[in-house]
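As they're listed, the protein sequences go chains A and B. End of the first sequence sits at 247 in my numbering; the numbers just go up one at a time, nothing left out. End of the second sequence sits at 247 in my numbering; the numbers just go up one at a time, nothing left out. Note that the Cβ used here is the ideal one computed from N, Cα and C, for glycine as well. Before any comments, here is the structure.
Number of protein chains: 2
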Amino acid sequence: MHFTSEPRLDGGVIEREFTLGEIPGILWTPVSASASAPVPLILLGHPPLGLRKMHPRLAGRARQAAADGFAAATIELPGSGERPRWAALDQARADLRRAMEAGEPVGDDIIDALVLPLVDKAVPEWQAALDALLPLPEIGGPVGYSGGVISIGVRLALVEPRIVAAALFAGSFVPRAILEEARQVTIPLHVLLQWDDEGNNRQAALDLFDAFGSEEKSLHANMGGHTGVPQFAGDAAAQFFTRHLT
Amino acid sequence: MHFTSEPRLDGGVIEREFTLGEIPGILWTPVSASASAPVPLILLGHPPLGLRKMHPRLAGRARQAAADGFAAATIELPGSGERPRWAALDQARADLRRAMEAGEPVGDDIIDALVLPLVDKAVPEWQAALDALLPLPEIGGPVGYSGGVISIGVRLALVEPRIVAAALFAGSFVPRAILEEARQVTIPLHVLLQWDDEGNNRQAALDLFDAFGSEEKSLHANMGGHTGVPQFAGDAAAQFFTRHLT
């Protein structure tokens with residue numbers, strides 16, 4: 002891992018860009034962390050729209066994490082942002098767009114082609130990021146995962162023992178295979194659902210929530226579209242991490 | 002309204018029993034309230050099991066309310082506790098029990114007979130309690146409604162303008178007529194659903210949540226049975242009232 006930017010101070014948080022091989026990423030640490038004990042880490046998941054575009058929202062979530070005493074980090078998803086295009090992913094997105102514009106139901110084959118390769122490729126990258134981040138002196142553990150793509154969060158919750166709690170954003174399509182993996186997840190979960198999310202299937206999200214094997218799982222459904230998560234819902238997710246990471 | 006007990010100090014709260022005509026009730030005020038400005042009021046809804054039986058849970062919720070700076074009050078439901086038996090309600094309960102023990106689906110007629118007369122009779126009583134409680138010097142406003150019977154909460158949210166926010170517990174049957182009333186409710190709502198509530202119909206609860214006309218409504222679903230609401234879910238409901246009553 003190489004830091005590629007000077008540290009930038011933004012409120013109570015220090016932001017540093019890094020690369021992990023070819024993968025760009027961003028690390029945010031609370032100002033107080035450098036002078037005190039190592040802090041827990043929250044991995045900030047996000048949709049595959051590119052880190053540059055997502056930066057304002059990610060930085061806002063990182064400031065919240067820092068206020069609660071946590072570091073936060075994210076990496077670019079395969080095929081997104083400044084990473085090389087990924088023809089299969091572009092094709093799957095085009096197929097999805099075509100189906101939605103035609104008003105057709107989005108079939109399982111389209112969802113599988115769109116999401117499963119992304120999960121298969123991204124999850125080992127997030128794990129590699131953990132390998133690189135956790136040895137930093139200002140970062141300890143435990144680790145939480147926050148956000149979408151929810152299928153990436155499900156797979157990470159299942160296969161990565163360093164992640165002890167996850168706040169998942171039910172805002173993307175979920176392949177049948179991921180629904181099956183969800184049954185084996187046992188870590189505490191906090192699932193956010195935007196009830197009127199125009200890009201989401203509410204029943205699929207409820208089915209996924211029902212499937213999780215975790216003894217502690219909470220579903221928080223709020224009004225508004227995909228990007229309309231109310232401030233108090235963010236506060237509740239923050240309290241979830243405070244309960245489980247400290 | 003007549004106070005029928007000496008004030009009892011329990012932690013940070015003063016508990017006083019009262020009667021309103023033939024209806025027994027309990028008022029809890031924060032110790033600090035008597036010496037300071039009037040405080041908002043939370044009406045504590047509860048299932049028709051009798052105030053004596055419900056007292057430990059109600060007193061716990063009142064202590065939470067007092068810690069947040071709110072008074073809390075409750076009244077006995079018609080046909081419950083020490084109030085006169087109500088033959089029609091007893092009959093409806095017997096019909097429900099018979100249907101459930103026979104493994105039959107609980108039909109709309111049984112639900113209507115069980116819930117609608119209770120709502121029709123209880124709601125004016127809660128309003129009369131508000132008439133009696135709000136003039137007390139230690140109680141100001143605004144007013145919130147918290148708990149079940151959820152159909153009573155829906156009707157109160159619709160017809161009682163002094164109630165500005167409601168945290169409703171989705172743990173009882175909901176008549177079709179109440180579902181229609183829910184569409185006209187506009188105050189902020191916080192709906193608690195126990196995902197595996199053995200005495201509840203999850204889909205009916207989701208349909209009710211969907212029906213509410215409120216611009217701000219949140220569904221918090223958690224694991225566990227009817228009485229297994231986790232502490233952090235109570236905390237979230239408390240924060241909802243702090244947002245809307247202060």
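For this session: Answer with yes or no whether the minimum CB distance from Gly224 (chain A) to chain B is below 8 Å.
Result: Note that residue 224 (chain A) is Met in the sequence shown here, rather than Gly. It does: the Cβ of Met224 (chain A) has a partner Cβ on chain B nearer than 8 Å.
For this session: Using a Cβ-Cβ cut-off of 8 Å, state whether Ser147 (chain B) counts as contacting chain A.
Result: no
Exercise. In whole angstroms, what is the alpha-carbon distance linking Gln204 (chain B) and Gly108 (chain A)?
Worked result: 25 Å
For this session: Please classify Gln195 (chain A): does DSSP put it in a helix, a strand, or coil?
Result: Gln195 (chain A): strand per DSSP, three-state reduction.
For this session: Check whether the Cβ of Glu217 (chain B) lies closer than 8 Å to any Cβ atom in chain A.
Result: yes
For this session: For the region 205-239 of chain B, list the beta strand (DSSP E) runs that are entirely contained and at least 3 residues long, ordered along the chain.
Result: 218-223
Problem set entry | Cα-Cα separation, Ser215 (chain B) to His221 (chain B) | The straight-line gap from Cα to Cα measures roughly 16 Å.
Exercise. Using a Cβ-Cβ cut-off of 6 Å (strictly less than) and excluding sequence neighbours within five positions of Thr187 (chain A), which residues of its own chain qualify?
Worked result: Gly214 and Ser215
Problem set entry | Selected residue, minimal CA-CA separation from Ala38 (chain B), among B:Leu52, B:Leu137, B:Ser219 and B:Gly145 | B:Leu137
For this session: Compute the Euclidean distance between the alpha carbons of Glu126 (chain B) and Leu78 (chain B), then round it to the nearest angstrom.
Result: 9 Å
Problem set entry | Partners in chain B for Leu220 (chain A), counting only beta-carbon separations shorter than 9 Å | Leu194, Trp196, Leu220, His221, Ala222 and Asn223
Problem set entry | Close Cβ partners of Lys218 (chain A) (< 6 Å) along its chain, the five nearest in sequence each way excluded | Excluding sequence neighbours, Lys218 (chain A) sits near Leu190.
Problem set entry | Assigned exposure category for Pro8 (chain B) - 16 Cβ within 10 Å defines buried | exposed
Exercise. So which residues of chain B does Arg248 (chain A) contact, with C-beta pairs closer than 9 Å?
Worked result: No statement about residue 248 (chain A) is possible, as the shown extent of chain A runs from 2 to 247 and does not include it.
Exercise. Where does Asp121 (chain A) fall in DSSP's three states?
Worked result: helix
Problem set entry | Counted within 10 angstroms of its Cβ, other Cβ atoms place His3 (chain A) as buried (16 or more) or exposed | exposed
Exercise. In angstroms, rounded to a whole number, what distance separates the CA positions of Ala72 (chain A) and Ala238 (chain B)?
Worked result: 28 Å
Exercise. Just checking my contact of Gly145 (chain A) with Leu135 (chain A) at CB under 8 Å: how many whole Å lie between their CB atoms?
Worked result: Their Cβ separation, rounded to whole angstroms, is 13 Å, which puts Gly145 (chain A) and Leu135 (chain A) out of contact at 8 Å.
For this session: Anything in the region 163-185 of chain A with a Cβ closer than 9 Å to a Cβ of chain B? List those residues in chain order, please.
Result: none
Problem set entry | Own chain residues within Cβ distance below 8 Å of Pro106 (chain B), not counting five before or after | Cβ neighbours of Pro106 (chain B) beyond the five flanking positions: Ala100.
For this session: Please report how far the alpha carbon of Ile15 (chain A) lies from the alpha carbon of Gly26 (chain B), in whole angstroms.
Result: 55 Å
Problem set entry | Amino acids of chain B, ordered along the chain, whose beta-carbon sits closer than 7 Å to that of Ala237 (chain A) | Ala237
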